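First the structure, in the form of structure tokens, and then the observations on it.
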Amino acid sequence: MGMAVTVLVLLVQGAWGQDTQPASPAAIAEKAQAGVEATQTAINTVWTLLAAFLVFFMQAGFAMVETGFTRAKNAANIMMKNLMDFSFGSIAFFVVGYGLMFGASNGGFFGTDKFLLAHADVATGDGLWQMAFWLFQIVFAATAATIVSGSMAERTKFGAYIAYSIVISLVIYPISGHWIWNADGWLAKLGFHDFAGSTVVHSVGGWAAVAGAAILGPRIGKYVKVNGKTRAKAIPGHSITLGALGVFILWFGWFGFNPGSTTAGMNLSIATIAVTTNLAAAAGAVAAMCTAWLHFGKPDTSMALNGALAGLVAITAPCAVVSPTAAVIIGLVAGVVVVLSVEVIDKILHIDDPVGAVSVHMVCGVLGTLMVGLFASPAYIAASGVACEPGLFYGGGLKQLSVQAAGIVAVGGWVLVTAGSMFLLLKKVNLLRVSREEELRGLDIGEHGMEGYNGFQIFVTE
Amino acid sequence: MGMAVTVLVLLVQGAWGQDTQPASPAAIAEKAQAGVEATQTAINTVWTLLAAFLVFFMQAGFAMVETGFTRAKNAANIMMKNLMDFSFGSIAFFVVGYGLMFGASNGGFFGTDKFLLAHADVATGDGLWQMAFWLFQIVFAATAATIVSGSMAERTKFGAYIAYSIVISLVIYPISGHWIWNADGWLAKLGFHDFAGSTVVHSVGGWAAVAGAAILGPRIGKYVKVNGKTRAKAIPGHSITLGALGVFILWFGWFGFNPGSTTAGMNLSIATIAVTTNLAAAAGAVAAMCTAWLHFGKPDTSMALNGALAGLVAITAPCAVVSPTAAVIIGLVAGVVVVLSVEVIDKILHIDDPVGAVSVHMVCGVLGTLMVGLFASPAYIAASGVACEPGLFYGGGLKQLSVQAAGIVAVGGWVLVTAGSMFLLLKKVNLLRVSREEELRGLDIGEHGMEGYNGFQIFVTE
Amino acid sequence: MGMAVTVLVLLVQGAWGQDTQPASPAAIAEKAQAGVEATQTAINTVWTLLAAFLVFFMQAGFAMVETGFTRAKNAANIMMKNLMDFSFGSIAFFVVGYGLMFGASNGGFFGTDKFLLAHADVATGDGLWQMAFWLFQIVFAATAATIVSGSMAERTKFGAYIAYSIVISLVIYPISGHWIWNADGWLAKLGFHDFAGSTVVHSVGGWAAVAGAAILGPRIGKYVKVNGKTRAKAIPGHSITLGALGVFILWFGWFGFNPGSTTAGMNLSIATIAVTTNLAAAAGAVAAMCTAWLHFGKPDTSMALNGALAGLVAITAPCAVVSPTAAVIIGLVAGVVVVLSVEVIDKILHIDDPVGAVSVHMVCGVLGTLMVGLFASPAYIAASGVACEPGLFYGGGLKQLSVQAAGIVAVGGWVLVTAGSMFLLLKKVNLLRVSREEELRGLDIGEHGMEGYNGFQIFVTE
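Residue numbers (the working numbering), protein chains in the order written: chain B, 52 to 513; chain H, 52 to 513; chain F, 52 to 513.
Shown next, in the form of structure tokens:
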């Protein structure tokens, strides 16, 4: 950092100039203009990096939510999954994934260059910018992988989880991501709008999560037959405190996720996006709490926490094109939907999703993507400078809504087929699920030869 | 984000220009000047948003401190309160509170417009800036609400807490806030200086906290009669680890709270403010530790943690107008005072404040507000560009100190009367306190139908 | 903040100008140029402060890692140590340490002014910048102190720990820091390159950690004699969940530690540094997991977590001068080395380091410092603008590598002698280690008169 001080001095000296004779007005003006441009690039870089750091921190949030809502006997396994999906995902996305997503497009379907960061020539300003943009993308890719961890918790072999994490970061996420976030992607060209990833990130994770949970089957003891009827049994998590901490961390990180997706601090709509993000989350928590209160007779804490996440997922696609009031409505709808969805998936479909990942990320991801087609407002579209048609409630007819629906179907199909095939294959070769014995005792000992907690008296239950 | 790249390119192209013939020096100069202004607005927006994100994260800190210092049987209730006060508070402040605080002033007492963010026209640069400023304000409003949660922990009905949270965010906080932070507020016009909210935020929360705790009464088993004398019994918290994590998160978030209150990254006194904030917190922890060591014979961890918070609350008002050395002194004083205050409130006044919220936020909020009148230094006032007279120790006489004292009395009276009335009313209609049975068993089951921890062997004590 | 709005308006008005007659092109151009310079200073200040905030938050990470990997009976003591080393360290560095490190150099060995922030005149732009730089340095100094806490956990007297913390922040860290990060330091003049502190921060902490752990001796029950042979017994930590949370927080904070060490947002190599930092951490986790899997037969979660930290420590010196691919290699090497080092230190050297601090910070700090001499690439050196020779693998021969080795030896010797003497002295006067009785019962009760956890059934083991 002694060096760093020198650099700073040089930069400032460079700016102040060291001319021995007075410069002409034109020379000063041109120098100032060059200074403005360098400064704006720096703001955009600083903003994008800081947003990426916040999104990285969401890994801690996901880890806390998942472990908080599951049992103590699997805590070390859950920490390990959340650490390693990001770690393997980073390497996989570096080597292959980023190129498939943002490389030169092959017919709108996948990219063909920009592997290994080879395109980022640090001798140029653009190369340095590419580094910042890359970091922002890798933390997004990791989010998609992490979502699946929750729905498959407490019974999946660690090796299978690692294999899956690599495949989603390497291929599944980048390809559907290419369709939407590469300017030459086929859905992008159709006009599909998903500002920060209700579909690209959350639904991709959510579709894989539902495929995984369904193929894996429920945890032992989750569903019991009573008089020929299947009854769902609640398996409470071991720490609502950690689960809540996780939700606060995720909400915090989402301020990087959504506003950061401008990847430009010079684009002042970052302020609007932060406001819509916050209001949707708040409304989601309120609506989920009220729905749970009506439905269960008491305001369930887990449901309110999932309501906040539901609002966040739902606002992720439309955050840049809707008004604050619309954001409140979107959050309220998501908060109601997530509670009903958790009930339907658990009690009617009998898919065992220990943390509600499918309802939060897939269902509300789809919901949020559709909301663009309803609430996109011309004034907000103009302010953020994105390409999007006005929604149904703002005089735009069904045009944007149809494109949104088409994108949802395409991405859902892609992920269900690819992730589903992978999970079926792993199941076939008996690598997907731990033994009954291990599941009962806990994956911490079986998979990792250790315990998550020591010194506490812990009841190991089914 | 494919879009986002396009936007960035357009912005940069706009800056670089696409002229086919050379521009005149005057044209280049004017363009550069416009670029400078746009860039400075962007820095101010980026800074204010990032600071707001940090302040938001303080919600996690408050939640961890409150749960760490209380019993395991109430953990889910405490998480729920901290989630919902922010969520309901966000909506209430959006609809009404912000307008009452920052709207056009009615005689210096309350605002009359800017409800529902209607004033923020996103077609204008100012409208986007208003969004950023609004976000910064909502996270502050939520802090005031959250403070009360701690002093009333482990015995308040959840419904009552929600009702209270809405009222403080809707009316109580915005009105006294209007007096001080609206340029037309009557205390602002008197010259009252509270840079980041020792009074506006912390004392408001703290006065409501003391009213609530006193009206609610102590937890069962907290005070016992021994030979006709009331003896205070310690009820230790269930996790010092989580309590400490909360304090670290709060300290981290305070770097948004205080330096962010410039709401301008172009105002370089953000650096001074960060330094004074950090030194006061450190000195507070040191002083509280030493005081506790002398007083109890051992360095109590909870007291040192509260000492750091005491230093932070006390430096919040004067952070922009005092020197680093003065910040150390302020922190040391706050650290001593908070330990004595906790003792007095508990053992002499017999008000049961489970986490020490009244001592930290009300007592040290008052203390910090007065410190402006003692330590405000002309050099620091000039550097930060705020309106404040020099303090008593810097040749300013009693002028600023008197105004500070007047503001403290006015705000204290306002909050005690309004919050006190509300709590008395809730008590009267028997909505304030849970049943004895529920309190003994824990609010998690009684209020939310769940448990905070599962699988651990937990002793449920009085 | 009402004030703050006024300030912002004034700033913007200042920029817009209020001239009543049209300005000349030269005047506009000069004004724009001045605006550019002010704006760039603001970006550098904002960036440095935000990075400092992130580094501060690493204190929470260190606290969680240390407590997670140790026993519940010492949790309150560990929280207290992590709070107080930062607090005392802040004051010590403010009064003396910063001046010794960054003051005018006495022959390249130590600084002689800049005590008590006396050099930062807030009437000048430079003075405000000095405040920001100072904050960045204090959070670094605290990191060095904290590292030692881990290796000496569960058996050190609290008073001894405080004494040590003050000495390292006051003298030990600033003096070797002066050699390297003061432009006039003797190692800086030799060409030693340590961008963000693999040696300056991590090895200094790590050398003190190994001295402390060795002099203190192992925890009771850690090593048992079986048939005349010493066998190491694992003493598992009480919460892998909190340990993992700590690692995520540290990784997050490292994005301030490394990229922030440009102390200039205008230096776009911040993007490259963030990328190399992330990739090395990911590769470290992957390599440590694989090494542990091969070595122990199962993928141990603690080892993978330490692998991520190992990658982070190792990339800290070379982060600005190596390519992303080199960063992956550095991380992989660090991940393998940390697992082997933990085994050697525990099972061969029989030094009891409860959290692996010596392996992570000293061993990987040395490793990372050497990596500069191997992987420093001319293109990356040029892009970041630092002074460094190309490494061995980039045609630079052994020149840089030799200087790196010399610096490692000098700093290692300095710290081993000074910290070692201090610990030996404390041991001699019987102030270093708690009694056998207290160690068995836990330091929470013995040192602080309280318990870290209440209400849980906890087994107190050796």
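Glycine included, C-beta positions come from ideal geometry on N, C-alpha and C.
Bear in mind the structure is a predicted one, so any value in this text is a computation, not a measurement.
DSSP-derived helix/strand/coil call for residue i
i                        : result
lysine 273 of chain F    : coil
leucine 59 of chain H    : Confidence at leucine 59 of chain H is low in this model, with a pLDDT of 39, below 50, so the placement of that residue should be treated as unreliable; the coordinate-derived value is given next. It is helical.
lysine 240 of chain F    : helix
threonine 163 of chain F : coil
alanine 66 of chain B    : Caution applies to alanine 66 of chain B, whose pLDDT of 42 falls short of 50 and renders its modelled position unreliable; the value that the coordinates give is listed next. Correct three-state label for alanine 66 of chain B: helix.
threonine 175 of chain H : coil
lysine 284 of chain H    : coil
valine 388 of chain H    : helix
serine 220 of chain B    : helix
Buried or exposed (CB count within 10 angstroms, at least 16 for buried), residue i
i                            : result
leucine 62 of chain B        : With a pLDDT of 42 at leucine 62 of chain B, under the threshold of 50, the modelled position of this residue cannot be trusted, and the question is left open.
threonine 313 of chain F     : buried
serine 290 of chain H        : buried
asparagine 481 of chain F    : exposed
arginine 206 of chain B      : buried
tyrosine 504 of chain B      : buried
serine 141 of chain B        : buried
glycine 448 of chain H       : exposed
arginine 122 of chain B      : buried
alanine 408 of chain F       : buried
serine 472 of chain B        : exposed
lysine 280 of chain H        : exposed
valine 97 of chain B         : buried
glutamate 498 of chain B     : buried
leucine 476 of chain B       : exposed
phenylalanine 137 of chain H : buried
serine 75 of chain F         : exposed
phenylalanine 510 of chain B : exposed
glutamate 488 of chain B     : exposed
asparagine 278 of chain F    : exposed
alanine 66 of chain H        : Low per-residue confidence applies at alanine 66 of chain H: pLDDT is 42, beneath 50, and the placement is therefore not dependable enough to give any value.
Supposed close pair residue i, residue j - CB separation, criterion 8 Å
i                         : j                         : result
histidine 229 of chain B  : valine 423 of chain B     : No, histidine 229 of chain B and valine 423 of chain B are not in contact; Cβ-Cβ is about 20 Å, not under 8 Å.
leucine 179 of chain B    : threonine 323 of chain F  : 6 Å
asparagine 329 of chain B : isoleucine 219 of chain H : Actually they are not in contact, since the Cβ atoms of asparagine 329 of chain B and isoleucine 219 of chain H sit about 18 Å apart, beyond 8 Å.
asparagine 133 of chain F : alanine 114 of chain F    : 4 Å
methionine 130 of chain F : valine 261 of chain F     : About 24 Å; that fails the 8 Å criterion.
valine 389 of chain F     : valine 411 of chain F     : 6 Å
glycine 362 of chain H    : alanine 332 of chain H    : 4 Å
Contact set for residue i: own chain, Cβ-Cβ below 6 Å, skip 5 residues either direction
i                      : result
alanine 355 of chain H : Ala336, Ala339, Met340
glycine 311 of chain H : Ala102
glycine 236 of chain F : Gly159, His229, Trp230
Cβ-based neighbour list, residue i, same chain, cut-off 7 Å, excluding 5 preceding and 5 following
i                         : result
threonine 469 of chain F  : Ile223
glycine 162 of chain H    : Gly150, Leu151, Met152, Phe153, Gly154, Ala155, Ser156, His229, Asn233
glutamine 181 of chain H  : His170, Ala171
isoleucine 213 of chain H : Met135, Phe139
Other residues of its chain near residue i: CB distance less than 8 Å, five sequence neighbours each side excluded
i                       : result
serine 428 of chain B   : Val372, Val373, Ser374, Ala377, Pro441, Gly442, Tyr445
lysine 478 of chain H   : Ile266, Leu267, Arg484
aspartate 47 of chain H : The structure shown has nothing for residue 47 of chain H, since chain H only spans 52 to 513.
alanine 456 of chain F  : Leu421, Gly424
- If you scan the stretch 300-378 of chain B from start to end, which runs of the alpha helix (DSSP H) of 4 or more residues do you find wholly inside it? 320-347, 352-367
- At 4 residues or longer, and completely inside the stretch 439-511 of chain F: list those alpha helix (DSSP H) runs for me, N to C. 450-479, 487-492, 494-499
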